[in-house]
Amino acid sequence: MRVLVVDDEVRFAKSLRRGLIEEGFAVDLAHDGEEALWAATEQAYDIIVLDLMLPKLNGYRVIERLRARGVWTPILMLTAKDGDHEEADALDLGADDYLTKPFSFVVLLSHIRALLRRITSDRPSVLAVGNLTLDPVSFQVARAGECIEVTPREFSLLEYFMRNPGKVISKSELLDHVWDAAFEGPLNVVQVYIGYLRKKIDVPFGIESLVTVRGFGYRLDPIVAALSEANLIVT
Numbered sequence: 001m002r003v004l005v006v007d008d009e010v011r012f013a014k015s016l017r018r019g020l021i022e023e024g025f026a027v028d029l030a031h032d033g034e035e036a037l038w039a040a041t042e043q044a045y046d047i048i049v050l051d052l053m054l055p056k057l058n059g060y061r062v063i064e065r066l067r068a069r070g071v072w073t074p075i076l077m078l079t080a081k082d083g084d085h086e087e088a089d090a091l092d093l094g095a096d097d098y099l100t101k102p103f104s105f106v107v108l109l110s111h112i113r114a115l116l117r118r119i120t121s122d123r124p125s126v127l128a129v130g131n132l133t134l135d136p137v138s139f140q141v142a143r144a145g146e147c148i149e150v151t152p153r154e155f156s157l158l159e160y161f162m163r164n165p166g167k168v169i170s171k172s173e174l175l176d177h178v179w180d181a182a183f184e185g186p187l188n189v190v191q192v193y194i195g196y197l198r199k200k201i202d203v204p205f206g207i208e209s210l211v212t213v214r215g216f217g218y219r220l221d222p223i224v225a226a227l228s229e230a231n232l233i234v235t
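Quick note on my numbering: the sequence shown kicks off at 1 and runs consecutively.
Structural data, given as structure tokens:
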């Protein structure tokens, strides 16, 4: 899941980014309203965490202009103000939730996850490709009913594949959606994590569902998975 955090308090924003990355989110930062408006219009995000008091363009105006442009990304508004009128104004303009500073990271995370559950309510509650399942709410992965332990980053990577079954996904697309624009790690990080996932979701079960498409990227192939399962049953 990709998140845009917008706050002019740079240290605070970076702190939120570190915490969300540890939970497996890909996170971009913006520090003023104009930058936020541009980023949210030009890039696809699953959720926007938006401060109310911003330079150049305040949070109210950012929401108003995003909705006017047809950008319906869920928005969690943050503010140091504590009043019914501020909350009502934000919600009336199109914010989806509201959180008053100061707050704990645990509370912020619960609000983000609640919003994500809300926007995925029209999708299957448990994703399935062959006999591989992933529950976005409980953060559980299983193959043929057998639980598989994965890290938050591995979970995010697998979830992106399972929301795009059969699609060839490039390394750059995976970096954009599972890591973030500011990622400065090794270029082979995608390949490394693909290897981690294969050792957990494929190798122990004798299945090859997460395949490399040379020169293009990777694919979680439901057809290959189904064929592999059929072969296992026959033998």
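Virtual Cβ for every residue (Gly too), placed ideally from N, Cα, C.
For the 8 Å Cβ check, are there 3 or more pairs between the stretch 15-31 and the stretch 152-172?
In this structure the stretch 15-31 touches the stretch 152-172; the number of beta carbon pairs closer than 8 Å is three or more.
Give me the Cα-Cα distance between R214 and D221, rounded to the nearest whole angstrom.
Walking along the sequence shown from the start, residue 214 turns up at place 214. Walking along the sequence shown from the start, residue 221 turns up at place 221. A straight line joining the alpha-carbon of R214 with that of D221 spans about 15 Å.
Give me the DSSP bridge partner(s) of M77.
Taking the sequence shown and counting its residues from 1, the one referred to as residue 77 is at position 77. Residue pairing by DSSP places M77 opposite L50 and Y98 in a beta bridge.
Cα-Cα separation, K171 to K199
Within the sequence shown, residue 171 is the residue found at index 171, counting from 1. Within the sequence shown, residue 199 is the residue found at index 199, counting from 1. Using only the alpha carbons, I get a separation of about 19 Å.
Under the rule that 16 or more other beta-carbon atoms within 10 Å means buried, what is P136, buried or exposed?
Translated into the one-based positions of the sequence shown, residue 136 becomes position 136. By the neighbour-count rule (16 or more Cβ atoms within 10 Å), P136 is buried.
What are the partner residues of Q212, as DSSP defines its beta bridges?
Translated into the one-based positions of the sequence shown, residue 212 becomes position 212. Sequence inspection shows Thr at residue 212; the Gln mentioned does not correspond to that position. According to DSSP, T212 bridges with Y218.
According to DSSP, is V10 part of a helix, a strand, or is it coil?
What you label residue 10 is simply residue 10 of the sequence shown in a count that begins at 1. DSSP places V10 in helix when its eight states are reduced to three.
Within 9 Å, strictly: CB atoms of A80 and L52
The residue given as residue 80 occupies position 80 in the sequence shown. The residue given as residue 52 occupies position 52 in the sequence shown. A distance below 9 Å separates the beta carbons of A80 and L52.
Does DSSP classify L115 as helix, strand or coil?
Here the question's residue 115 lines up with position 115 in the sequence shown. DSSP places L115 within a helical segment (H, G or I) once states are collapsed to three.
Helix, strand or coil at L108 [DSSP, three-state]
Numbered from its first residue, the sequence shown carries residue 108 at position 108. Assigned with DSSP and collapsed to three states, L108 falls in helix.
I want to check one thing, is the minimum distance from the CB of L50 to the heavy atoms of the ligand GTP below 8 Å?
In terms of ligand content, the structure shown is empty, and the ligand GTP therefore cannot be addressed.
Do you know whose CA, among L78, L54 and A95, lies nearest A68's CA?
One-based indexing of the sequence shown puts residue 68 at position 68. When C-alpha distances from A68 are compared across L78, L54 and A95, the shortest belongs to A95.
Nearest CA to the CA of L16: which residue from V107, D176, A88 and E173?
On the sequence shown, position 16 is the one that residue 16 refers to. Shortest Cα-Cα distance from L16 to any of V107, D176, A88 and E173 involves V107.
Option nearest V178 by Cα separation, candidates G166, Y196, L158 and G195:
Here residue 178 refers to the residue found at position 178 of the sequence shown. When each option's Cα is compared against that of V178, the closest is L158.
From the DSSP output, read off the bridge partner residues of A30.
Locating residue 30 in the sequence shown gives position 30, counting from the first residue. In the DSSP output, where bridge partners are listed per residue, A30 has V6.
Roughly how many whole angstroms lie between the Cα atoms of V71 and E34?
The sequence position of residue 71 within the sequence shown is 71, counting from 1. The sequence position of residue 34 within the sequence shown is 34, counting from 1. Inter-residue distance for V71 and E34 is about 15 Å (C-alpha atoms, whole angstroms).
Once DSSP output is grouped into helix, strand and coil, what is the label at G71?
Numbered from 1 along the sequence shown, position 71 holds the residue referred to as residue 71. Reading off the sequence, residue 71 comes out as Val, not Gly. DSSP places V71 in coil when its eight states are reduced to three.
Coarse secondary structure for I207, derived from DSSP in three states:
Along the sequence shown, one-based indexing puts residue 207 at 207. Coil at I207, not helix or strand.
Could you tell me the boundaries of the alpha helix (DSSP H) in which V189 lies?
Along the sequence shown, read from residue 1 onward, the residue named residue 189 stands at position 189. Here the alpha helix (DSSP H) through V189 covers V189 to I201.
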